[in-house]
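Q: In my numbering, the protein residues as written are 67 to 248.
1) Helix, strand or coil: which one does DSSP assign to residue 148?
2) Pull up the distance between the alpha-carbon of residue 184 and that of residue 158, whole angstroms please.
3) In whole angstroms, what separates the C-alpha of residue 114 from that of residue 129?
4) Spell out whether any CB of chain D is found under 7 Å from the CB atom of residue 187.
5) So if DSSP puts residue 217 in a beta bridge, which residue, or which two residues, is it bridged to?
6) Can you tell me whether residue 209 is helix, strand or coil according to DSSP?
7) When you compare each of 79, 70, 224 to residue 172 by their alpha carbons, which one comes out closest?
8) Between the Cα of residue 236 and the Cα atoms of 175, 187, 218, 164, which residue gives the shortest distance?
9) Out of 208, 155, 178, point me to the one whose CA is closest to residue 197's CA.
10) DSSP state of residue 169, grouped into three classes?
11) Short of 7 Å in beta carbon distance, which residues of its chain neighbour residue 222, apart from the five on each side in sequence? Order them along the chain.
12) Taking all protein chains shown into account, do 16 or more other C-beta atoms lie within 10 angstroms of the C-beta of residue 207, making it buried, or fewer, making it exposed?
13) Look at the Cβ atom of residue 162, then the Cβ atom of residue 238, and state whether they are nearer than 7 Å.
14) Less than 7 Å between the beta carbons of residue 199 and residue 232, yes or no?
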C-alpha cells in the first residue's frame, strides 16, 4: 500500500512539473495534426501539369442543363423574341399541369390565379398596376423573355426555373390569357 501511495505522489509531482513549466513554449504534442495544420492553397499548382485547382471555365462553356439564350436585355431583342421565339415543348396536359404548378409557386402572388393581375400582393396594396394578361399583346416569345430578364417591377426568374419549366409556365400563361379573352 505504501508503494502505491509513493507511486501516486511521484506521478502527481511529475504531472505538476510538466504542466507548470514555461507556458510560452509548446510542451508535448499528443496529437500533432491538431497543432500543425497541413498547408493547402486552393489556387496552388498541381504537380507537373501546371493546372490550378480553381480554374475558370473555358470561354463558351455551357453548364449542364443550361440552354443559351441569344436575346439580350434590350427593347429591340424583346421585340425580336416576341415575333421569332416559339416554344420547343409539345402542348399537352402534362406540360400545362407542370406549368400551373410553377405558376402557382412563382407568379400567382402578383398576377393572380386567373392572370388578371389581382394576386395577393396586389390585394394587399404592395404593388400597384400589375397588368392583366388580356390587356397585353403577349406571345410565347415575349412571355419567355420577361421570365428571363423581368420587366418594370417584375424581376428575372431565370435563376429559379429551368429552361423547360419556363416554357411550361409560358404555356400555362397562354392558356390563362385565352380563358380571360373568352
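Just so it is clear, CB atoms sit at the ideal spot from N, CA and C, and this is done for glycine as well.
A: Well, looking at it:
1) Taking the first residue of the chain shown as position 1, residue 148 is located at position 82. For residue 148, the three-state secondary structure derived from DSSP is helix.
2) The sequence position of residue 184 within the chain shown is 118, counting from 1. The sequence position of residue 158 within the chain shown is 92, counting from 1. Approximately 27 Å between the Cα atoms of the pair.
3) Residue 114 sits at position 48 when you count from the first residue of the chain shown. Residue 129 sits at position 63 when you count from the first residue of the chain shown. Since pLDDT at residue 114 reaches only 44, below the 50 mark, its modelled position is unreliable, and no value is offered.
4) Looking at the structure shown, chain D is missing, and only one protein chain is on hand.
5) Here residue 217 refers to the residue found at position 151 of the chain shown. DSSP lists 220 as partners of residue 217.
6) In the chain shown, counting from the first residue as 1, residue 209 sits at position 143. In this structure, residue 209 counts as helix in the three-state DSSP scheme.
7) Within the chain shown, numbered from 1, the residue matching residue 172 stands at position 106. Per the Cα distances, 224.
8) The count along the chain shown starts at 1 and reaches residue 236 at position 170. For residue 236, the closest alpha carbon among the candidates 175, 187, 218, 164 is that of 164.
9) By one-based count along the chain shown, residue 197 stands at place 131. For residue 197, the closest of 208, 155, 178 by C-alpha to C-alpha distance is 178.
10) Stepping through the chain shown from its first residue, residue 169 is reached at position 103. Helix, per DSSP.
11) Counting from one through the chain shown, the residue named residue 222 turns up at place 156. Around residue 222: 214, 215, 216.
12) Mapped onto the chain shown, residue 207 falls at position 141. When all chains shown are included, residue 207 counts as buried.
13) As a first step, residue 162 must be located in the chain shown, where it is residue number 96. As a first step, residue 238 must be located in the chain shown, where it is residue number 172. Yes.
14) Position 133 of the chain shown holds residue 199. Position 166 of the chain shown holds residue 232. Annotated as distal: residue 199 and residue 232, with beta-carbon spacing of 7 Å or more.
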